[in-house]
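The block underneath contains the structure these notes are about, expressed in structure tokens.
Number of protein chains: 2
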Amino acid sequence: MKIDVDKADRVTLADVAEAAGVSEITVSRVVRGMANVSQVTVSKVEEAIVRTGYVRNRLAGAMAGAVSNQIAVILPSLSNSVFADVLDGLEVRLQSAGFHSVLGISNYDSEREAQLIESLLGWQPAGLVIAPTLLSDRSLRLLERGRLPVVEVMDIDREPTDMVVGISHRQAGKSMAYYLIGRGYRSFGYVGHDIEGDHRAAIRRDGFRAALQENGLDFETEARADAESSVPLGRRLTGQILSNGAPRLLYFSNDDMAMGGLFEAMSRGLQVPRDLALAGFNGLQIGQSAPVALTTIESHRALIGQRAAEQLLGRFAGSEVERRIDVGFTLLPGASA
Amino acid sequence: MKIDVDKADRVTLADVAEAAGVSEITVSRVVRGMANVSQVTVSKVEEAIVRTGYVRNRLAGAMAGAVSNQIAVILPSLSNSVFADVLDGLEVRLQSAGFHSVLGISNYDSEREAQLIESLLGWQPAGLVIAPTLLSDRSLRLLERGRLPVVEVMDIDREPTDMVVGISHRQAGKSMAYYLIGRGYRSFGYVGHDIEGDHRAAIRRDGFRAALQENGLDFETEARADAESSVPLGRRLTGQILSNGAPRLLYFSNDDMAMGGLFEAMSRGLQVPRDLALAGFNGLQIGQSAPVALTTIESHRALIGQRAAEQLLGRFAGSEVERRIDVGFTLLPGASA
DNA sequence: TTGAAAGCGGTACCAT
DNA sequence: ATGGTACCGCTTTCAA
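As given, the protein sequences belong to chains A and B, one line each in that order.
For the first sequence, the numbering used here assigns the number -4 to the initial residue and increments by one for each residue that follows.
For the second sequence, the numbering used here assigns the number -4 to the initial residue and increments by one for each residue that follows.
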């Protein structure tokens, strides 16, 4: 009886077309929700689609000229929740517009980053979002060559290839320093993670220091390690500093590190901020819920992701968009300084 | 002079072939690193690739029959660091094997989940990894239809469609209860987040409770909210419970919630675990660095991601792989209970 | 509103 | 070791 059973390899437009008694192109129109198809035909086709179990092949679609709905996304890391937040914001907007992201994690390695760009570009994505590590010349050439919208995210402290969305980390560093100086602090120390890989942390530190120097001050001590930022690392380094007479306030490379500092202080029975004051960066939720809320700067990561998505969508829609978007940051006073 | 300049639309295999004076298929072989090409030809072609600035088009490649190197990944959320960890582990393995993930976030919505499956399947991925929310019948049908390897991750408490990698959340709940009972606790309360969406949290609670009942015990109080888990939520609910005479120990739906509880206890000047004991789930790093290390269960999220990747890679390699992988969990005694 | 034919850029298969 | 030729599944003209 059923003769065509085992040819059931993959349902194509042609199969649906046959089942519905129309042409392939008509089915294609229905699938894409185009207007110029009669209601009767639409229902016939939709019925056939369900009956055959057709699943749209976007590979073929994209290839035939309709653009891809994939967006390449390259981030340095995911274990750092900061980038997970950005990705989250990005996804929200992209998904609701029918786009998907293809992910690449560079692990703060600029060689790997270049490879990823090349590899992901091979999927002919409609756009690219990247939180650059360093962006080698090779990467830049690839980006310029591929005529696709590119959004660099996180810091706007340098000249964009195409578009940037983020904040000025230098300003963030300075703002925190001004605030603390305004609060009367005069004795500072710095606790940081690997600043080679994380150039944004380095920029914040530079900004903070510049502001100190404007006031004839400087870091009295620094503790650093060549590792990714983490709570235990912050705790360990803080412990080191405290062992040899600490400054009045510790500025941390970010909130993870600062939470470590806070925990170390608590463990030693220190009163924060009376005995030791602390300031971080990022505005992580957990820092704001701590017994002593962290003095920090909210960096609006999810918003950065959303805005990046909007930039791309704007471009696709053909509208003129800004090259440079500063989402701004918010100083959270907290209670730790 | 230059007549062919503006036709520089996109460099294809044909362009490279011409530039190198060989056929397209030969270039294709070089690009794919196949062995059967002479050294001389290889160098000629490689030179031509660089000169023309050719970027491989994987869309066309995948379409022509060579399989896609994309893996569809569907997760309920990214703001919950648990899934970011899984994704991280997944990426590590996938990338080193030359695969990329295409991401979908279901936001704990099973309708959305089904849409995502359908949509991502359209890219003809080589495999699918999903941390299922509920997996509607529609989703299941899609998964069965698409003859591709599917790995469900996180919990192994139910029958897999194809393969599963994770732990038994029921066991995790029970183990914690047994441990605490063994430590002498007899008075328990539960603090949880939205248990509708997060069925794994529900299973842990059920397991915990089952173990209590085996010992003639039960939760004396419960505080719950219909929101995603978070530190502030944990803190707020703990506050509620403490206001009306708390039980001896609070079991939290996860570590985020438990950190909130810990912070609330500290803020009230309670001694943990003397005045109030706390237990969580996940083994988040921050909980282990807290002044009072959290008593919790390490769920090896990154490992789950890695194993899931390995399952897929194994399938691709044609090897026989297990359908069900239990990565196990580790009880971290901590100091909070 | 509907359809026919010509690609999109590769790769599998079969020759040479 | 190298090349010719279909063909992957869809969409874009262009016609009817």
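By construction, the Cβ of each residue, glycine as well, lies at the ideal position given by its N, Cα and C atoms.
With a minimum length of 4 residues, the unbroken runs of alpha helix (DSSP H) contained wholly in the segment 97 to 177 of chain A fall at 105 to 116, 132 to 140 and 164 to 177. With its beta carbon at least 9 angstroms from every one in chain B, Q235 of chain A lies outside the interface. Contact between the segment 213 to 222 of chain A and the segment 163 to 176 of chain A is not established, with fewer than three Cβ pairs separated by less than 8 angstroms. The shortest C-alpha to C-alpha distance from S74 of chain A to any of B:I69, B:V81 and B:P71 is the one to B:V81. Beta-carbon to beta-carbon, I176 of chain A and I162 of chain A are separated by about 21 angstroms, too far to satisfy the 8 angstroms threshold. Listed as beta-bridge partners of R319 of chain B by DSSP are B:V159. In summary, G187 of chain A is buried, with 16 or more beta-carbon neighbours lying within 10 Å of its beta-carbon over all protein chains present. Taking all protein chains shown into account, I20 of chain B has fewer than 16 neighbouring C-beta atoms within 10 Å of its C-beta and is therefore exposed. Q280 of chain A belongs to the set of residues whose beta carbon lies under 9 angstroms from a beta carbon in chain B. M149 of chain B is outside the set of residues whose beta carbon lies under 9 angstroms from a beta carbon in chain A. Distance between A303 of chain B and G282 of chain B, taken at the CA atoms: about 26 angstroms. Taken atom to atom, the span from the alpha-carbon of G122 of chain B to that of R263 of chain B is near 50 angstroms. Residue pairing by DSSP puts F183 of chain A in a beta bridge opposite A:F214 and A:L244. The beta carbons of S284 of chain A and V97 of chain B sit no closer together than 9 angstroms. Identification of residues in the segment 86 to 107 of chain A having a C-beta nearer than 9 angstroms to some C-beta of chain B yields E86, V87, Q90, G93, H95, S96, V97, L98, G99, I100, N102 and R107, given in sequence order.
The shortest CA-to-CA distance from L207 of chain A to any of A:T233, A:P227, A:D189 and A:L244 is the one to A:L244. Per the Cβ contact rule, the segment 131 to 141 of chain B is not in contact with the segment 228 to 241 of chain B (fewer than 3 Cβ pairs under 8 angstroms).
Within chain B, the C-beta atoms nearer than 9 angstroms to that of R51 of chain A come from E113, S114, L116 and G117, in chain order.
Contact annotation: in the segment 169 to 186 of chain B, no residue has its CB less than 9 angstroms from a CB in chain A. Against chain B, the beta carbon of Q65 of chain A has neighbours under 8 angstroms at V97 and W118, listed in chain order.
Annotation for E293 of chain A: the continuous beta strand (DSSP E) segment containing it runs T291 to E293. The contact set of V226 of chain B on chain A, defined by CB atoms closer than 7 angstroms, consists of Q280, I281 and S284 in chain order. If you check the CB distance, D193 of chain A and R204 of chain A do not come in under 9 angstroms. Taking CB atoms only, F247 of chain B has no neighbour in chain A less than 9 angstroms away. Contact check for I292 of chain A and A167 of chain A: beta-carbon distance about 5 angstroms, within the 8 angstroms limit, so the pair qualifies.
Per the DSSP secondary-structure output, T325 of chain B pairs in a beta bridge with B:E293. Taken through DSSP and simplified to helix, strand or coil, V287 of chain B comes out as coil.
Around the C-beta of E108 of chain B, 16 or more other C-beta atoms lie within 10 Å, and the residue is accordingly described as buried. Using a Cβ-Cβ distance cut-off of 8 angstroms, the segment 110 to 117 of chain A and the segment 39 to 55 of chain B are in contact, since at least three pairs of beta carbons, one from each stretch, lie closer than that value.
Neighbours of R24 of chain A in chain B, taken as residues at a C-beta separation under 9 angstroms, are lacking, since the least C-beta distance is about 17 angstroms.
The three-state secondary structure of H188 of chain B, taken from DSSP, is coil.
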